[in-house]
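Okay, structure first, notes after.
Protein chains in written order, with the numbering used here: chain P, 738 to 938; chain W, 738 to 938.
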């Protein structure tokens with residue numbers, strides 16, 4: 738089996754959420770797996786000078802319309818902008834980082850549950866207690882999940898993941914590498930699809 | 738015939754160039770015309786705080802790769818990043834504004850010739866003399882074209898076009914309105930295509 742796709746996303750990113758609904762199926766069509774990497778857009782924004790999309794004059798209003806329209810275009814039901822947006826996403830990022838090293842088979846289902854909690858159920862997953870609730874609903878021991886988010890070693894591992902992302906040139910969410918080729922944005926999924934067929938174009 | 742699409746673009750915008758290769762055919766498939774509106778990204782950037790894409794850390798390197806890859810993906814041959822980039826695009830913007838009011842049938846062919854001169858032939862169309870050469874090659878009287886770019890009334894008309902664009906919420910290039918619905922980016926052309934079929938989704 739060829740190398741997995743590297744899928745970078747921020748839990749506070751609407752386009753990341755939409756991409757998360759499609760990335761596994763896209764990769765599977767080409768016999769590929771996906772390595773899910775939570776990251777922190779805020780850290781990337783310090784380098785690029787960007788700010789949260791919805792806070793940019795002119796672009797902010799447009800982006801909110803585009804999130805909804807793009808979800809509808811792709812038939813992704815249930816999406817709605819959360820009451821609190823954006824959120825710091827350290828807690829869910831740490832939780833998934835912890836799972837990747839302890840119970841890797843649970844990492845993606847829990848990541849999807851966290852994204853769903855935020856962008857469909859409007860739950861503030863930036864709160865470690867809420868993130869732990871979501872993990873428990875997904876079948877994890879709640880106390881262990883809650884403790885992981887305060888664990889210095891987990892925090893450190895997530896920090897290194899974010900640093901690695903930046904070192905690879907990740908500046909937005911979603912961001913996907915296919916055999917080293919970088920693709921930024923859910924709207925590059927069609928290029929990814931062709932790249933997976935042709936090995937480049 | 739239904740209302741034309743409003744197509745906003747900056748002559749210095751690579752994605753605007755790529756969009757310009759497709760917008761007329763896209764609209765025509767749905768029985769629509771296109772109203773071409775040159776604008777100035779620099780003026781919009783003052784409001785959004787954005788800077789030229791290629792100058793942004795991390796994003797800049799990616800964007801140059803993406804311009805080329807997106808051209809190849811869409812089978813748009815000949816595209817190459819100009820030696821000088823970005824450029825101030827007042828001269829070609831004024832030229833097209835002048836044509837729209839004096840010889841509207843020549844405006845789009847000349848706009849396409851200007852874009853081709855910059856993104857295929859690597860000619861610096863920010864220079865009024867070069868823009869006038871391109872207009873002359875496209876069949877316009879060179880002296881009149883050259884004079885138009887220095888005409889205060891033409892400058893004023895272009896300034897008003899740019900102000901109107903901003904007032905409508907245009908913050909990037911390309912930017913298209915379909916019956917009032919805003920679409921930013923060449924990568925929204927598929928949504929535009931469906932919107933033109935369904936009248937909304």
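Where a beta carbon is used, it is the ideal one built from N, C-alpha and C, also for glycine. Because the structure is a prediction, the values reported are computed rather than measured.
So, is residue i buried or exposed, given that buried needs 16 or more other C-beta atoms within 10 angstroms?
{"i": "residue 807 of chain W", "result": "buried"}
{"i": "residue 786 of chain W", "result": "exposed"}
{"i": "residue 783 of chain W", "result": "exposed"}
{"i": "residue 765 of chain W", "result": "exposed"}
{"i": "residue 840 of chain P", "result": "exposed"}
{"i": "residue 854 of chain P", "result": "buried"}
{"i": "residue 925 of chain W", "result": "buried"}
{"i": "residue 865 of chain W", "result": "buried"}
{"i": "residue 812 of chain W", "result": "exposed"}
{"i": "residue 859 of chain W", "result": "exposed"}
{"i": "residue 792 of chain P", "result": "exposed"}
{"i": "residue 897 of chain P", "result": "exposed"}
{"i": "residue 938 of chain W", "result": "exposed"}
{"i": "residue 899 of chain W", "result": "buried"}
{"i": "residue 753 of chain P", "result": "buried"}
{"i": "residue 781 of chain P", "result": "buried"}
{"i": "residue 871 of chain P", "result": "buried"}
{"i": "residue 883 of chain P", "result": "buried"}
{"i": "residue 890 of chain P", "result": "exposed"}
{"i": "residue 842 of chain W", "result": "exposed"}
Provide the residue(s) that pair with residue i in DSSP beta bridges, ordered along the chain.
{"i": "residue 774 of chain P", "result": "P/745"}
{"i": "residue 914 of chain P", "result": "P/743 and P/919"}
Who are the near neighbours of residue i in its chain, counting only those whose CB is closer than 8 Å to its CB and skipping five residues on each side?
{"i": "residue 833 of chain P", "result": "773, 775, 844, 847, 848 and 851"}
{"i": "residue 906 of chain P", "result": "919"}
{"i": "residue 824 of chain W", "result": "748, 749, 855, 861, 862 and 863"}
Please state whether DSSP places residue i in a helix, a strand or coil.
{"i": "residue 923 of chain P", "result": "helix"}
{"i": "residue 782 of chain P", "result": "helix"}
{"i": "residue 851 of chain W", "result": "helix"}
{"i": "residue 711 of chain W", "result": "Not covered by the structure: residue 711 of chain W. The range shown for chain W is 738 to 938."}
{"i": "residue 883 of chain W", "result": "helix"}
{"i": "residue 824 of chain P", "result": "coil"}
{"i": "residue 764 of chain W", "result": "helix"}
{"i": "residue 896 of chain W", "result": "helix"}
{"i": "residue 804 of chain W", "result": "helix"}
{"i": "residue 862 of chain P", "result": "coil"}
{"i": "residue 939 of chain W", "result": "Only positions 738 to 938 of chain W appear in this structure, which leaves residue 939 of chain W out of reach."}
{"i": "residue 830 of chain W", "result": "helix"}
{"i": "residue 840 of chain W", "result": "coil"}
{"i": "residue 888 of chain W", "result": "coil"}
{"i": "residue 904 of chain W", "result": "helix"}
{"i": "residue 790 of chain W", "result": "helix"}
{"i": "residue 875 of chain W", "result": "coil"}
{"i": "residue 751 of chain P", "result": "helix"}
{"i": "residue 857 of chain W", "result": "coil"}
{"i": "residue 769 of chain P", "result": "coil"}
{"i": "residue 819 of chain P", "result": "coil"}
{"i": "residue 929 of chain P", "result": "helix"}
Closer than 8 Å to a non-hydrogen atom of the ligand MN - does that hold for the CB of residue i?
{"i": "residue 747 of chain P", "result": "Although the ligand MN was asked about, the structure shown includes no ligands whatsoever."}
By Cβ distance below 6 Å, which residues in the same chain neighbour residue i in space, the five residues on each side in sequence not counted?
{"i": "residue 914 of chain P", "result": "743"}
{"i": "residue 873 of chain W", "result": "879"}
{"i": "residue 750 of chain W", "result": "910"}
{"i": "residue 894 of chain W", "result": "834"}
{"i": "residue 921 of chain P", "result": "909 and 912"}
Identify, in the order they occur along the chain, each residue of the same chain with its Cβ nearer than 7 Å to the Cβ of residue i, setting aside the five sequence neighbours on each side.
{"i": "residue 829 of chain P", "result": "748, 775, 851, 862 and 868"}
{"i": "residue 930 of chain W", "result": "763"}
{"i": "residue 821 of chain P", "result": "861"}
{"i": "residue 800 of chain P", "result": "790 and 791"}
{"i": "residue 892 of chain P", "result": "831"}
So residue i and residue j are in contact, right, with Cβ under 8 Å, and what is the actual spacing, rounded?
{"i": "residue 796 of chain P", "j": "residue 912 of chain W", "result": "So it is not a contact: roughly 11 Å between Cβ atoms."}
{"i": "residue 804 of chain P", "j": "residue 818 of chain P", "result": "7 Å"}
{"i": "residue 826 of chain W", "j": "residue 777 of chain W", "result": "6 Å"}
{"i": "residue 740 of chain W", "j": "residue 916 of chain W", "result": "6 Å"}
{"i": "residue 810 of chain P", "j": "residue 928 of chain W", "result": "5 Å"}
{"i": "residue 885 of chain W", "j": "residue 831 of chain W", "result": "7 Å"}
{"i": "residue 877 of chain W", "j": "residue 767 of chain W", "result": "About 31 Å; that fails the 8 Å criterion."}
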